[in-house]
Amino acid sequence: MIRVPELIRRKREGEELGSEEIFELILAHARDEIPDYQLAAFLMAVLFRGLSRAETAALTDAMVASGATVDLTGLGRPAVDKHSTGGVGDKTSIALGPVVAACGAPFAKMSGRGLGHTGGTLDKLEAIPGFTVTLARSEFVSQVSDIGVAIVGQTPDLVPADARLYALRDVTATVESTSLIAASIMSKKIAAGASTILLDVKVGAGAFMRTVENARELAETMLDLGTRAGRSVACALTTMEQPLGRAVGNALEIREVIDTLSGEGPTDLIELVLSCAAHLLAMSGLAASVEEGRERALAAVSSGEALRLYETWIARQGGDPSPDVLPEAPVRRLVAAPAGGYVASLDALAIGEASVRLGAGRLAKDDPIDHATGIVCLRKHGDPVELGEPLAEVHARDKSAAEEAQRAVACAYRLQDDRPAPQPLTLQVLSG
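Take the sequence shown: its letters are residues 61 to 492, numbered as in our numbering.
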């Protein structure tokens, strides 16, 4: 019989627990054999004392073992997956899936919803009329086999222990633990079945990881977990000081995905999609090098094959792939530059929070989403602007919301006389 108070005490004192003890503790909680308040105390001890690599691996293994897993081995080729730790305007996965699938790599992703200033992939996809994010595991596997790409919501029977732990972390101020974050992410990635996983760890004002040091610690922990589980894993540290792309808001971001797959999207979004695709193709053996992978990904976009596959994918999940059917906000207002110069900075967090207040995001899990609203950043870091020229465009439900967002967006911009030095998009790529 597991002695939970003793485990809490030992972890509180900084002692390393045995893998079997961690494993048993987590599964016992998942089976309702121990109360939430004891797990809450354990999580607080973990927040202050941390977990070793072995303890984190045991936690991850227990969460995977708590529910079902997806078997993708029947595809006959390695399936790939990509996860972002969350940012503002990050619609990369939606564009990436069709690109790598067009190059022969099955893209099998179970995704989540947004909370706070970070947008969720499922919320963006649900801006498409008719699109369903709910597929049974058998349908998910069948679709990946048939057309090469599927993005769906996580099924309730996949790593249920993580769902219970996350709910506790959310209400006990223990979300920030690197070990708990890594175990939560990797348990879902491992259970979802892909053999090749790329993790995009965002760094900066609009990300959960504000410093490169913290982001690198998280990346290294996730790499260790993936390697232990026999997966091919790489982590890219990418900047989130300003929004990714220009669009922030669900339908607006879907339009930008379509532009990107047409070869006409924002430079930074195109660059990140091609970079992610290049690494996934090289990691899965479909390209001899990252450079060759990038060439293949670019060819898939240039030929129109990636866009055609996007349209096939959206239709397969019940959606209408035409941009003409996407919802549009009734009120649009421009944010004018108060002076001439160059954009020195664009605060991603401020833009994300303004978008949430417009209705494009949620502060609580059950908040409704207004898929039509959001912000388009017409000028970004380094761009020149003249007095009175538009910096951004607000898409709102009513005049009052638009005016509030205009003020917030104006404050997110900082202008200067000289052109600032370029900011790198990718800071570092780590591989196992």
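Think of the CB as a built atom: it goes at the ideal place given N, C-alpha and C, for glycine as much as any other residue.
**Asked** From which residue to which residue does the alpha helix (DSSP H) around S153 run?
**Response** Residues T152 to A162.
**Item:** Terminal residues of the beta strand (DSSP E) in which L423 lies
**Value:** It is not in any beta strand (DSSP E) - L423 carries neither H nor E in the DSSP assignment.
**Message:** For L218 and P480, what's the separation of their Cα atoms in angstroms?
**Reply:** Rounded to the nearest angstrom, the two C-alpha atoms are 46 angstroms apart.
**Whole-Å CB distance - A279 paired with V261, under 8 angstroms assumed** = Rounded to whole angstroms, the Cβ separation of A279 and V261 is 5 angstroms, and the two are in contact under 8 angstroms.
**Item:** Same chain, Cβ closer than 7 angstroms to S322, five either side skipped, listed in chain order
**Value:** If we look at S322 and ignore the five residues flanking it on each side, its Cβ neighbours are L367.
**Asked** By how many angstroms is the C-alpha of A456 removed from the C-alpha of S382?
**Response** Between the alpha carbons of S382 and A456 lies a distance of about 22 angstroms.
**Request:** Have a look at the DSSP bridge pairing and note the partners of H455.
**Result:** Beta-bridge pairing by DSSP links H455 to R392 and G434.
**Asked** By Cβ distance below 7 angstroms, which residues in the same chain neighbour R356 in space, the five residues on each side in sequence not counted?
**Response** Once the five neighbours on either side are set aside, the close Cβ partners of R356 are C163, L341 and A347.
**Message:** At the 8 angstroms Cβ level, is E388 part of the contact set with chain D, yes or no?
**Reply:** Among the protein chains of the structure shown there is no chain D, as only one such chain exists.
**Message:** DSSP three-state label for D260, please.
**Reply:** Three-state DSSP puts D260 in a strand.
**Residues of its chain near A221, where Cβ-Cβ distance is below 6 angstroms and the 5 sequence neighbours each way are ignored** = I86, A90, M123 and S126, listed in sequence order.
**Message:** Let's see if you can read the secondary structure: which residues bound the alpha helix (DSSP H) around V212?
**Reply:** That residue, V212, is in no alpha helix (DSSP H); its beta strand (DSSP E) goes V209 to G213.
**Request:** Indicate whether A337 and D407 have their beta-carbon atoms separated by less than 8 angstroms.
**Result:** In this structure, A337 sits away from D407, with a CB-CB distance that is not shorter than 8 angstroms.
**Request:** Between the Cα of V395 and those of E463, G149 and T181, spot the shortest distance and give me the residue it belongs to.
**Result:** Measuring from the Cα of V395, the nearest candidate turns out to be E463.
**Message:** At the level of alpha carbons, what is the spacing between G136 and L332?
**Reply:** Straight-line Cα distance between these residues: approximately 28 angstroms.
**Asked** Which residues in the same chain as E413 place their Cβ atom closer than 6 angstroms to its Cβ, once the five residues preceding and following it in sequence are excluded?
**Response** The answer, listed in chain order, is H177.
**Item:** Given 8 angstroms, three or more beta-carbon pairs between the region 259-274 and the region 146-155
**Value:** Using a C-beta cut-off of 8 angstroms, the region 259-274 makes contact with the region 146-155, since at least three inter-stretch Cβ pairs fall below that distance.
**Prompt:** Can we say the region 438-455 touches the region 192-208, given the rule of at least three CB pairs closer than 8 angstroms?
**Reply:** Cβ pair count under 8 angstroms is below three, so no.
**Asked** Excluding the five sequence neighbours on either side, which residues of its own chain have a C-beta within less than 8 angstroms of the C-beta of R392, listed in chain order?
**Response** Excluding positions up to five away in sequence, the list reads E453, V454, H455, A456 and A462.
**Helix, strand or coil at A357 according to DSSP, with G and I counted as helix** = Three-state DSSP puts A357 in a helix.
**Message:** Measuring alpha carbon to alpha carbon, tell me which residue in E84, L240 and T281 is nearest L103.
**Reply:** Looking at the Cα atoms, L240 is the closest of the given residues.
**Asked** Any idea what DSSP makes of G401, helix, strand or coil?
**Response** The answer is strand: DSSP assigns G401 an E or B state.
**Three-state class that DSSP yields for L304 in the structure shown** = Under the three-state reduction of DSSP output, L304 falls in the coil class, being neither helix nor strand.
**Prompt:** From G400 to Q302, what does the alpha carbon distance come to, in whole angstroms?
**Reply:** Separation of G400 and Q302 (C-alpha to C-alpha, rounded to the nearest whole angstrom) is 20 angstroms.
**Asked** For D328, does the count of other Cβ atoms within 10 angstroms reach 16, so buried, or fall short, so exposed?
**Response** Label assigned to D328: buried.
**Message:** For R229 and A424, what's the separation of their Cα atoms in angstroms?
**Reply:** Spanning the two alpha carbons is a distance of roughly 15 angstroms.
**Request:** Mind checking who F167 pairs with in its DSSP beta bridge?
**Result:** For F167, the beta-bridge partners assigned by DSSP are V140 and V209.
**Message:** Closest to E236 by C-alpha separation, out of A105, E351, A161 and A210, would be which residue?
**Reply:** Ranking the options by Cα distance to E236, first place goes to A105.
**Request:** On the DSSP bridge assignment, give the partners of R474 in chain order.
**Result:** In DSSP, R474 forms a bridge with S405.
**Request:** Leaving out five residues on either side along the sequence, give the residues of the same chain with a beta carbon under 6 angstroms from the beta carbon of S491.
**Result:** The residues are A294.
**Item:** Proximal residues to E76 (C-beta, below 7 angstroms), its chain only, five neighbours per side dropped
**Value:** When the five nearest sequence neighbours on each side are left out, the beta carbons in the same chain lying within less than 7 angstroms of the beta carbon of E76 are those of S112 and E115, in order along the chain.
**Item:** Short Cβ contact (8 angstroms threshold) for I154 with A101
**Value:** Taking 8 angstroms as the cut-off, the beta carbon of I154 is found no closer than this to the beta carbon of A101.
**Request:** List the endpoints of the continuous alpha helix (DSSP H) containing V64.
**Result:** For V64, the enclosing alpha helix (DSSP H) covers residues V64 to R72.
**Request:** Name the residue from D478, L438 and I314 whose alpha carbon lies nearest to the alpha carbon of G503.
**Result:** With the chain covering only 61 through 492, there is no way to say anything about residue 503.
**Request:** Could you please give me the residues that DSSP links to M282 through a beta bridge?
**Result:** In the DSSP output, where bridge partners are listed per residue, M282 has none listed.
**Asked** A242 to E186, Cα distance in whole Å?
**Response** Each residue's CA atom was taken as its position, placing A242 and E186 some 27 angstroms apart.
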